[in-house]
Amino acid sequence: MSLIKLQGITKAYQLGKTQVPALKGIDLAVERGEFAVVMGPSGSGKTTLLNIIGLLDRADAGSYLLDGEELAGRDFNEMAGLRNKKIGFIFQSFNLIPVLNVIENIEFPCLLRREDKKLLRARVERVAEHVGLSHVLAHKPDELSGGQRQRVAIARALVTEPEIVLADEPTANLDSATSEQILDLMQRLNADSGVTFLFSTHDPRVMRRAKRVVQIADGRLVDGQDAAAANVAVLGAPPH
Amino acid sequence: MPALLAIATRNVFRNRRRTFITAAALVVGIFAVVSIRGVLNGLQGAIIASTVKGMTGGFQVHRAGYLANVLSPPLTLDFALDDPSLAGLAKLPGVTAVAPRIMFGGSLSVPKEKEEDTPEPLFFMATAVDPTLEPQVCPDRAGLMSAGSRFDEAHLLVGEAMLGTLDAKLGDEAVLLAPDRDGALNGELSHVGGALKSVMPGELKVAQVPLAAAQRLLRMEGRATELAVAVKDLAQVPSLVAQARALLGPTYEVHAWDDVATDRRTFMQRQNAISALVSVVFLLLMLLGVANTMLMSVLERTREVGTMMAVGVTRAQVLLLFLLEALSLGVVGVAGGLALGTTFVAALGAKGLTVTPPSATVALTLYPSSSPAFLVVVAALALLGCAVFSLYPALRASRLRPVEALAGR
Chain A
3 MSLIKLQGIT KAYQLGKTQV PALKGIDLAV ERGEFAVVMG PSGSGKTTLL
53 NIIGLLDRAD AGSYLLDGEE LAGRDFNEMA GLRNKKIGFI FQSFNLIPVL
103 NVIENIEFPC LLRREDKKLL RARVERVAEH VGLSHVLAHK PDELSGGQRQ
153 RVAIARALVT EPEIVLADEP TANLDSATSE QILDLMQRLN ADSGVTFLFS
203 THDPRVMRRA KRVVQIADGR LVDGQDAAAA NVAVLGAPPH
Chain B
455 MPALLAIATR NVFRNRRRTF ITAAALVVGI FAVVSIRGVL NGLQGAIIAS
505 TVKGMTGGFQ VHRAGYLANV LSPPLTLDFA LDDPSLAGLA KLPGVTAVAP
555 RIMFGGSLSV PKEKEEDTPE PLFFMATAVD PTLEPQVCPD RAGLMSAGSR
605 FDEAHLLVGE AMLGTLDAKL GDEAVLLAPD RDGALNGELS HVGGALKSVM
655 PGELKVAQVP LAAAQRLLRM EGRATELAVA VKDLAQVPSL VAQARALLGP
705 TYEVHAWDDV ATDRRTFMQR QNAISALVSV VFLLLMLLGV ANTMLMSVLE
755 RTREVGTMMA VGVTRAQVLL LFLLEALSLG VVGVAGGLAL GTTFVAALGA
805 KGLTVTPPSA TVALTLYPSS SPAFLVVVAA LALLGCAVFS LYPALRASRL
855 RPVEALAGR
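As they're listed, the protein sequences go chains A and B.
Per the numbering used here, the first sequence runs over residues 3 to 242.
Per the numbering used here, the second sequence runs over residues 455 to 863.
Laid out in structure tokens, this is it:
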């Protein structure tokens, strides 16, 4: 059973009196353990697709099964609960809570589900160590570098042990060296613990590492292709 | 909840300048409300003390139906002072003294050597009191006498304004004319003993006459229309009134001091109403500041709300977060205002504040004080107001769609 199965997903936005279609019938399946990229030009609908998969937005029509469970028609609180339990987010601008320190930012989603703080703290410290943040646990976000902030976001996304981590342009605000480190980290987490990653990106470095690239253009998926073919199509042949 | 509370309290201090300004407005507003009420408590305490110790006593006894006719004191509703049913009154536990009185209206003239020099007689309202017993019930009456005055069986006191109009001086003969209980006009010769100062506005044409002289004038020897009763503790008055009613039966009526001095009660009720109105205006102005601060906070933190929603915060939790922020801000401001206000009031109360009301000639010394119940009500209303006034910004934040909030829209 696919972790995520979308069928006939459509979404349109109202811009003044005009309806602008963003997704025009998306069919997509994401399997467990994938390290996949959704790519496409600006305005192609990739962020809208990720928002719908992440339950941050609702589709106008279509079916969305997450872990075999139909999510269409769920109310806001149910969707909030599902986001908390099953989905981790990594954002382009890191989106940490400024008044919380590193460890508090990481444990925040778990506290929402009333986990025991003492038991949780041990797990949070383990995750923080795993992403290389052990030495900055008491720091506030504004005392961290961009790479460190994104590591906090990754740790926050992983600490709830989600089914899938959605990363929207996770390297867009990072320099090359830091981007590579962050991608190394995510790839290692995918390989070690089998967490499913789905990216939306323009970054060729991300696409090079993806096992699968899903192309979207004008609100529709371009015919499925494997990562190697897509990489060649998008990036050209890798150097020998 | 603890996580949201931690975020809420830390957010309060995130924009220190804005928090300082809003909290300062709360502090100033609460300080003003507490101070105004504290001074008013002192003023009303002084009014009550001057009323009870200078005019009414703790409670009064009259013949049934007397107070209903109080605009023209009916001499026919009198009673014999040796009525056996009155004997038990002084023995009630908590009663310290009983003094008989007669309230009556009449005219007073102070004749001069030449008839043409004699001013027109003045009409007045008189209180006839026993010069020996009255000070035991109303010790402050002595303070209403101007310097050098005397009040005894042969001397009466008149209001300061009357004294001037009658061109009278200490020791002058004074002729009292008044209708007795049968309506026949009688006269009595007395002497001017001095002037009565005025405590409250409107106390101009008044006189204090020795009881025996009034009894002769009104043909009421051995009788009175009023018994003023002094009590140890004003808090006991309601219970003593009930006991006195049970003791005296339906022939008599018993009224607490504030049922007798209804003008003063009304005056204090008006003061309370005005002070409440002023407090509400202060409170509303402060709370508008809180609402503005919270709205700014929501607008600035839209993306942050989106992030919280993305990790699983529910709409109710977003609402709670902003309400907790407003309450944290309120707690800071209210605590500061209460501390400052009660300290100020306590300092005034320790020193005392001497004021002379307009049209009065007796200065009152006020001892401002804060009532714990009032402080609790003010704090509760201010905090409740903080929650209510931040409801709109909080609801606005909680109704954001995650995708729009994350985009900062």
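Glycine residues also receive a C-beta, built at the ideal position from the N, C-alpha and C atoms.
Since the structure is predicted, the reported quantities are computational estimates derived from the model, not experimental observations.
Can a CB atom of chain A be found closer than 8 Å to the CB of residue i?
i	result
residue 826 of chain B	no
residue 461 of chain B	yes
residue 750 of chain B	no
residue 758 of chain B	yes
residue 476 of chain B	no
residue 457 of chain B	yes
residue 851 of chain B	no
residue 747 of chain B	no
residue 857 of chain B	yes
Classify residue i as buried or exposed, calling it buried when 16 or more other Cβ atoms lie within 10 Å of its own Cβ.
i	result
residue 751 of chain B	buried
residue 539 of chain B	exposed
residue 475 of chain B	exposed
residue 652 of chain B	buried
residue 642 of chain B	buried
residue 92 of chain A	buried
residue 726 of chain B	exposed
residue 709 of chain B	buried
residue 48 of chain A	buried
residue 728 of chain B	exposed
residue 523 of chain B	exposed
residue 20 of chain A	exposed
residue 609 of chain B	buried
residue 171 of chain A	buried
residue 886 of chain B	The displayed coordinates of chain B run from 455 to 863. Any statement about residue 886 of chain B would go beyond what the structure contains.
residue 195 of chain A	exposed
residue 79 of chain A	exposed
residue 239 of chain A	Confidence at residue 239 of chain A is low in this model, with a pLDDT of 48, below 50, so the placement of that residue should be treated as unreliable; the coordinate-derived value is given next. By the 10 Å Cβ count, residue 239 of chain A comes out exposed.
residue 669 of chain B	buried
residue 582 of chain B	buried
residue 853 of chain B	exposed
residue 15 of chain A	exposed
Does residue i come within less than 8 Å of chain B when only Cβ atoms are used?
i	result
residue 86 of chain A	yes
residue 2 of chain A	There is simply no residue 2 of chain A to check, as chain A begins at 3 and stops at 242 in what is shown.
residue 47 of chain A	no
residue 221 of chain A	no
residue 97 of chain A	yes
residue 78 of chain A	yes
residue 192 of chain A	no
residue 82 of chain A	yes
residue 175 of chain A	no
residue 201 of chain A	no
Based on the DSSP secondary-structure assignment, which residues constitute the bridge partners of residue i?
i	result
residue 631 of chain B	B/561 and B/641
residue 566 of chain B	In the DSSP output, where bridge partners are listed per residue, residue 566 of chain B has none listed.
residue 520 of chain B	Per DSSP, none; premise fails for residue 520 of chain B.
residue 65 of chain A	A/9
residue 198 of chain A	A/166
residue 809 of chain B	B/818
residue 609 of chain B	B/606 and B/645
residue 554 of chain B	B/681
Taking only the alpha-carbon atoms, compute the straight-line gap between residue i and residue j and give it to the nearest angstrom.
i	j	result
residue 861 of chain B	residue 731 of chain B	45 Å
residue 840 of chain B	residue 857 of chain B	29 Å
residue 578 of chain B	residue 561 of chain B	6 Å
residue 705 of chain B	residue 690 of chain B	23 Å
residue 542 of chain B	residue 696 of chain B	14 Å
residue 519 of chain B	residue 733 of chain B	40 Å
residue 181 of chain A	residue 169 of chain A	13 Å
residue 671 of chain B	residue 634 of chain B	7 Å
residue 201 of chain A	residue 155 of chain A	14 Å
residue 54 of chain A	residue 67 of chain A	11 Å
residue 740 of chain B	residue 484 of chain B	9 Å
residue 136 of chain A	residue 459 of chain B	26 Å
residue 115 of chain A	residue 83 of chain A	8 Å
residue 572 of chain B	residue 666 of chain B	26 Å
residue 467 of chain B	residue 778 of chain B	13 Å
residue 65 of chain A	residue 52 of chain A	15 Å
>> Using a Cβ-Cβ cutoff of 9 Å, what residues of the stretch 131 to 162 of chain A are near chain B? List them in chain order.
In response: Considering only beta carbons, the part of the stretch 131 to 162 of chain A lying closer than 9 Å to chain B consists of 158, 159 and 162, in chain order.
> What residues in the stretch 58 to 73 of chain A bring their beta carbon closer than 7 Å to a beta carbon of chain B?
Replying inline: 58 and 59
> What residues in the stretch 102 to 114 of chain A have a beta carbon less than 9 Å from any beta carbon of chain B?
Replying inline: 102, 106, 109, 110, 111, 113 and 114
> At a Cβ cut of 9 Å, what residues of the stretch 759 to 782 of chain B count as close to chain A, listed as they run along the chain?
Replying inline: 760, 761, 762, 763, 764, 765, 766, 767, 768, 769, 770 and 771
> Between the stretch 27 to 46 of chain A and chain B, which residues of the former have CB atoms less than 9 Å from a CB of the latter, in chain order?
Replying inline: none
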